[in-house]
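For our numbering, add 861 to where a residue sits in the sequence shown, where the first one is 1.
Every residue, glycine too, gets a C-beta built ideally from N, C-alpha and C.
Remember, predicted model here, so these are calculated numbers, not experimental data.
Below is one structure, written out as structure tokens; comments come after it.
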Amino acid sequence: MVAEELLEEPDIVIKHANEGIARADNIHEVKLTKSIARFYNLPISRRVLIRDLRSEHISKFVSIEGIVRKVTEVRPRIVEAAFVCGSCGKKILLEQEDNTIKYPFECRNCNSRRFVLIPEESKSIDSQRIKIQEYPENLRGGEQPQTLDVILEKDLAGEINPGDRVIINGIVRATPRGVSGKKLRYMDIMLEGNSIEVLQQEYEEFEITEEDKKKIIELSNDPDIFLKIVKSIAPAIYGHDDIKLAVALQLFGGVPKKLPDGTEIRGDAHVLLVGDPGVAKCVDFDTEIVLADGSLVRIGELVNSNLNGNSIKIEDGFYAEACVNVASLDSRELKSKPAIANIVWKRTSPDLMYEVHTKTGRKIKVTPTHPFFTIRDGEF
862 MVAEELLEEP DIVIKHANEG IARADNIHEV KLTKSIARFY NLPISRRVLI
912 RDLRSEHISK FVSIEGIVRK VTEVRPRIVE AAFVCGSCGK KILLEQEDNT
962 IKYPFECRNC NSRRFVLIPE ESKSIDSQRI KIQEYPENLR GGEQPQTLDV
1012 ILEKDLAGEI NPGDRVIING IVRATPRGVS GKKLRYMDIM LEGNSIEVLQ
1062 QEYEEFEITE EDKKKIIELS NDPDIFLKIV KSIAPAIYGH DDIKLAVALQ
1112 LFGGVPKKLP DGTEIRGDAH VLLVGDPGVA KCVDFDTEIV LADGSLVRIG
1162 ELVNSNLNGN SIKIEDGFYA EACVNVASLD SRELKSKPAI ANIVWKRTSP
1212 DLMYEVHTKT GRKIKVTPTH PFFTIRDGEF
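Given below as structure tokens:
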């Protein structure tokens, strides 16, 4: 099948596909000579984690999912260089495959080896290099997200931005590492992109309707608009209004200002928030939780049983990887389902703890910022 050949021999299949497109006649008499074959919707079995890329994937067609962390400027890359002989003036065209310009060996007309590159007569394509990173939320405790360089060319260049969540389908390439002009046996792996599937964009273009404009003007006249915006940020975490206000101001940004003395104040602000993980959802040592088998156990005892030699020390406690079967509430079906807790934490409690009593007579002691979820009108 062509699909299987694409996965195993992508260079051959893509070359033949492009040649076939170039020879085809469009019913609307549109020239297809510059059209490119792009392949989407690869099976999940071809989805490879960046950290799992191995030598067996080199020259294979794979699918990589992650977050775009860095993009370079789109720049032309010479694919066919034009040279002129410095002695007789004969012009020579030479295909370029490496990162550095490859010059002709000698002129067939006069045997001269002096050549001058003619950029304006050389054939080039748009090219861009991006860096894609694994999803941080898919990592286990202590792991660092790995990255992969991706080459995007022609119509793919300039299509995505940092922060976009994407699936990039392409061919895995390997290039030897170099030190002082010498090539080593060790290789660097990169992806030659063939197609991009944008899952979520950091900044999406949208149009504001007249109804939206009226709503914005109405909200701008609300004397409590600042408070409402602050309360809308992380509503599950109580308090911290000053921090939420800083986040709101950063999200909205401002306008550049120029003071009378000529000093310029930039409109955008950068905010760095530093806090301890788990601060918004900690419960007391004696709190009982329900395991997947229906049994009750004190969370403190459960955590202690999973702290071992692999525990990692933090400023006010420890955490460790675990595999604990617990009962979890499905927010859509509103039913209890088994789930796995893969990390446990043990931290020093703050000076202030809240004890919450329910109508059924139960009670729980938590940190002041611990969220509680309720079911109202059949919704979680």
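Legend entry - Coil, strand or helix - N1186 by DSSP: strand
Legend entry - Three or more C-beta pairs below 8 Å linking the stretch 949-957 and the stretch 912-922: no
Legend entry - Where the alpha helix (DSSP H) containing H877 begins and where it ends: 871-884
Legend entry - Residue nearest to Y1047 in terms of C-alpha spacing, selected from A1183, I962, T1036: T1036
Legend entry - Bridge-paired residues (DSSP) for T1008: Q994
Inset, instruction - Determine, using beta-carbon pairs with one atom in the stretch 969-979 and one in the stretch 924-935, whether at least three such pairs fall under 8 Å. - result: no
Legend entry - Alpha-carbon to alpha-carbon, D1177 and G1139: Confidence at G1139 is low in this model, with a pLDDT of 49, below 50, so the placement of that residue should be treated as unreliable; the coordinate-derived value is given next. Going by the C-alpha atoms only, they are around 12 Å apart.
Inset, instruction - For R1237, name the three-state secondary structure that DSSP assigns. - result: strand
Legend entry - Contact belief for V929 with P1006 at Cβ below 8 Å, rounded distance in angstroms: With a Cβ gap of about 13 Å, V929 and P1006 do not count as contacting.
Inset, instruction - Identify, in the order they occur along the chain, each residue of the same chain with its Cβ nearer than 6 Å to the Cβ of V909, setting aside the five sequence neighbours on each side. - result: V923
Inset, instruction - Let me know the beta strand (DSSP E) ranges lying completely inside the stretch 890-948, each 3 residues or longer, listed in chain order. - result: 922-932, 936-946
Inset, instruction - Assess, as a yes-or-no matter, whether the stretch 1146-1162 is touched by the stretch 1177-1194 under the definition of 3 or more beta carbon pairs within less than 8 Å. - result: yes
Legend entry - Per-residue DSSP class, three states only, for G1161: helix
Legend entry - Whole-number beta carbon distance between G1054 and I1012, since they are thought to touch under 8 Å: 6 Å
Legend entry - Which of helix, strand or coil DSSP assigns to Q957: coil
Inset, instruction - Express the C-alpha separation of G1123 and D1238 in angstroms, rounding to a whole number. - result: 58 Å
Legend entry - Proximity winner among I1050, K1092, R1208, relative to I1175 (alpha-carbon distances): R1208
Inset, instruction - Kindly say whether I1090, judged by its beta-carbon, lies nearer than 8 Å to any beta-carbon of chain C. - result: Here chain C cannot be found, since the structure has a single protein chain.
Inset, instruction - Please check the pair A1181 and I1173, which I expect to be a contact at CB under 8 Å, by giving their CB distance rounded to whole angstroms. - result: 7 Å
Legend entry - For K1105 and G1114, the rounded distance between their alpha carbons: 14 Å
Legend entry - Rounded separation between D1016 and L1110 - CA only: 36 Å
Inset, instruction - Using 10 angstroms around the beta-carbon of M1051, count the other beta-carbons present and answer buried if the total reaches 16, otherwise exposed. - result: buried
Inset, instruction - Can you grab the Cα-Cα spacing for the pair K1259 / G1128, in whole Å? - result: Only positions 862 to 1241 of the chain appear in this structure, which leaves residue 1259 out of reach.
Inset, instruction - Would you kindly work out how many angstroms separate the C-alpha atoms of L868 and P1199, rounded to a whole number? - result: 37 Å
Legend entry - DSSP-derived helix/strand/coil call for P1037: strand
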